[in-house]
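So in this note's numbering, the last one in the sequence shown is 305, and the numbering has no gaps at all.
Glycine included, C-beta positions come from ideal geometry on N, C-alpha and C.
These figures come from a predicted structure and were not determined experimentally.
Here the structure comes first, spelled out in structure tokens, and everything after it is commentary.
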Amino acid sequence: MPIIAHQKITPRKNTMVKRKETREEKRISSLSPTLNFMVKAVRHAGASLVRDFREISQLQVSRKGPGDFVTNADLFTEKKLVEFIKKTRPNDAILSEECGEVPAQNASPYTWVMDPIDGTNNFLHAIPFFAISLALMRGDEVIAGVIYNPVTNELYYAEKGQGAFLMTPTGDVRLRVSGRKKLEESMVATNSYALRTVNGLTDRIINNPFCFRCVGSTALALAQVAAGQLDVFFDCRCHIWDLAAGYLLVQEAGGIVQTWNGEKDMGSILKDNGVLATTLDMREKILNFINPKEKTCKKKKKSV
Ligand code: IPD
Ligand code: CA
Ligand code: CA
Numbered sequence: 002m003p004i005i006a007h008q009k010i011t012p013r014k015n016t017m018v019k020r021k022e023t024r025e026e027k028r029i030s031s032l033s034p035t036l037n038f039m040v041k042a043v044r045h046a047g048a049s050l051v052r053d054f055r056e057i058s059q060l061q062v063s064r065k066g067p068g069d070f071v072t073n074a075d076l077f078t079e080k081k082l083v084e085f086i087k088k089t090r091p092n093d094a095i096l097s098e099e100c101g102e103v104p105a106q107n108a109s110p111y112t113w114v115m116d117p118i119d120g121t122n123n124f125l126h127a128i129p130f131f132a133i134s135l136a137l138m139r140g141d142e143v144i145a146g147v148i149y150n151p152v153t154n155e156l157y158y159a160e161k162g163q164g165a166f167l168m169t170p171t172g173d174v175r176l177r178v179s180g181r182k183k184l185e186e187s188m189v190a191t192n193s194y195a196l197r198t199v200n201g202l203t204d205r206i207i208n209n210p211f212c213f214r215c216v217g218s219t220a221l222a223l224a225q226v227a228a229g230q231l232d233v234f235f236d237c238r239c240h241i242w243d244l245a246a247g248y249l250l251v252q253e254a255g256g257i258v259q260t261w262n263g264e265k266d267m268g269s270i271l272k273d274n275g276v277l278a279t280t281l282d283m284r285e286k287i288l289n290f291i292n293p294k295e296k297t298c299k300k301k302k303k304s305v
């Protein structure tokens, strides 16, 4: 009879080794729970935008052109953001450019304000200067904001009272508005609506003493003011989803956001229609330049 060796059965080692967190994941998990959630939300929504952007770049040279492609990308990004938020924060209100307002439930004081693509025309022309803008408001106050360009992977974030930052591959950089004091040395940006509506502005700009840009994404322009790249950004006819996240970024970076008449709360900025983001040193200089007499811009057609 064969002797069956009495084998000692040693339990198999668990080969499921826990994956090491990437440096980026570590950084995200060191953020506050609110920002952590917001960064995950925009990254989640931004993944498909990167694919769409690559496709748009191909479509540019085809005869077909981008057509409804942009609208679909916009709606899809918004859907992903809304679903992501609703899963974890089902009671909060949502205010978005495409879907409008989803009311709060159970008296939640929070509203998520989002623009799935800010800079649609840039996106349409395959210019990688557009962003997802996501802000969290408690009542009338913006308490957190994230602006994310998924193509360049630039991610700007701020939380009320905690400063504004840019996430970079080597660590997060604290943002500060520019320290330039002379208008003639500064970089000033706007969008085309202000040029069309403010009397004589285009002429004054043509003969201007500073560098000038028309940028096409209000959210990213505000982030650039926060980062000190732009000294001034002014615009007209903005909506809350264009402004909310950037408004907080600029303030947390030591800058000011106000109407052309000096009111600083978000409600007044939205009612007044002209917005200015800049530094204390530059404020009066640029206001006198933009509109020395009226300091207002024609009313917008679309309201929130
Ligand atoms: C637009 C951009 C643009 C500004 C327009 C906005 P959209 O948003 O922010 O810079 O001048 O007023 O409507 O349409 O690209 O989301
Ligand atoms: Ca948009
Ligand atoms: Ca917008």
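Unbroken beta strand (DSSP E) run spanning residue 133, endpoints
In the sequence shown, counting from the first residue as 1, residue 133 sits at position 132. Residues 132 to 139.
Assigned exposure category for residue 215 - 16 Cβ within 10 Å defines buried:
Here residue 215 is taken as the residue at index 214 of the sequence shown, counted from 1. Exposed: under 16 other Cβ atoms inside 10 Å.
With 16 other Cβ atoms within 10 Å as the buried cut-off, status of residue 238:
To locate residue 238, count along the sequence shown from 1; it is residue 237. It counts as buried.
For residue 279, write down the residues that DSSP places opposite it in a beta bridge.
Counted from its first residue, the sequence shown places residue 279 at position 278. Residue pairing by DSSP places residue 279 opposite 257 in a beta bridge.
On the three-state DSSP scale, how would you describe residue 197?
Here residue 197 corresponds to residue number 196 of the sequence shown, with the count starting at 1. Correct three-state label for residue 197: helix.
Taking only the alpha-carbon atoms, compute the straight-line gap between residue 126 and residue 252 and give it to the nearest angstrom.
To locate residue 126, count along the sequence shown from 1; it is residue 125. To locate residue 252, count along the sequence shown from 1; it is residue 251. Put simply, the backbone Cα of residue 126 is about 31 Å away from that of residue 252.
Assuming residue 280 and residue 178 make a contact with CB atoms under 8 Å, what is their CB distance in whole Å?
Locating residue 280 in the sequence shown gives position 279, counting from the first residue. Locating residue 178 in the sequence shown gives position 177, counting from the first residue. The C-beta separation of residue 280 from residue 178 comes to about 5 Å, placing the pair in contact by the 8 Å criterion.
Under 9 Å between C-beta atoms of residue 40 and residue 138
For this step, residue 40 is matched to residue 39 along the sequence shown. For this step, residue 138 is matched to residue 137 along the sequence shown. Between residue 40 and residue 138, the C-beta gap is not smaller than 9 Å, which leaves the two residues out of contact.
What is the residue span of the alpha helix (DSSP H) that residue 306 lies within?
Lying before the first or after the last residue shown, residue 306 is absent from the chain, which here runs from 2 to 305.
I need the DSSP call for residue 147, collapsed to helix, strand or coil.
Here the question's residue 147 lines up with position 146 in the sequence shown. In the three-state scheme derived from DSSP, where H, G and I count as helix and E and B as strand, residue 147 is classed as strand.
Less than 8 Å between the CB of residue 1 and some heavy atom of ligand 2, yes or no?
Since the first and last residues shown for the chain are 2 and 305, residue 1 lies out of range.
Within its chain, find whatever has a CB closer than 6 Å to the CB of residue 98; leave out the 5 residues flanking it on each side and keep chain order.
Mapped onto the sequence shown, residue 98 falls at position 97. Excluding positions up to five away in sequence, the list reads 116, 242.
At the level of alpha carbons, what is the spacing between residue 76 and residue 56?
Here residue 76 refers to the residue found at position 75 of the sequence shown. Here residue 56 refers to the residue found at position 55 of the sequence shown. Residue 76 and residue 56: Cα-Cα distance of roughly 16 Å.
DSSP on residue 243, reduced to helix/strand/coil?
On the sequence shown, position 242 is the one that residue 243 refers to. If DSSP states are grouped into helix, strand and coil, residue 243 belongs with the helices.
Within the present structure, is the beta-carbon of residue 236 separated from the nearest heavy atom of ligand 2 by less than 8 Å?
Position 235 of the sequence shown, counted from the first residue, corresponds to residue 236. Outside the cutoff, so no.
Beta bridge counterpart(s) of residue 156 as assigned by DSSP
Stepping through the sequence shown from its first residue, residue 156 is reached at position 155. In the DSSP output, where bridge partners are listed per residue, residue 156 has 149, 168.
Spatial neighbours of residue 232 within its chain, please: C-beta separation below 6 Å, excluding the five flanking residues on both sides.
Looking up residue 232 in the sequence shown gives position 231. Leaving aside the five residues that flank residue 232 on each side, the residues in its chain whose CB is nearer than 6 Å to its CB run, in chain order, 179, 181, 187, 188, 283.
Please work out which residues of its chain come closer than 6 Å, Cβ to Cβ, to residue 35, disregarding the five sequence neighbours upstream and downstream, and give them in chain order.
One-based indexing of the sequence shown puts residue 35 at position 34. Taken in chain order, the residues that qualify are 145.
Which one or two residues does DSSP pair with residue 95 in a beta bridge?
Stepping through the sequence shown from its first residue, residue 95 is reached at position 94. BP columns for residue 95 point to 103, 113.
Are residue 133 and residue 151 touching if we call contact CB-CB under 9 Å?
For the purposes of this step, residue 133 is taken as residue 132 along the sequence shown, with counting starting at 1. For the purposes of this step, residue 151 is taken as residue 150 along the sequence shown, with counting starting at 1. Residue 151 sits close to residue 133, with the two beta carbons spaced by under 9 Å.
In terms of residue numbering, what span does the beta strand (DSSP E) encompassing residue 190 cover?
In the sequence shown, counting from the first residue as 1, residue 190 sits at position 189. Per DSSP, residue 190 belongs to the beta strand (DSSP E) from 188 to 191.
Let me make sure I understand the geometry here. Which of 95, 258, 79, 273 has the alpha-carbon closest to that of residue 43?
Your numbering for residue 43 matches position 42 in the sequence shown. Nearest option by C-alpha distance: 79.
Three-state class that DSSP yields for residue 75 in the structure shown:
Locating residue 75 in the sequence shown gives position 74, counting from the first residue. Assigned with DSSP and collapsed to three states, residue 75 falls in helix.
Of the residues 86, 140, 202, 136, the one placed nearest residue 235, counting alpha carbons only:
For the purposes of this step, residue 235 is identified with residue 234 of the sequence shown, where counting begins at 1. For residue 235, the closest C-alpha among the options 86, 140, 202, 136 is that of 202.
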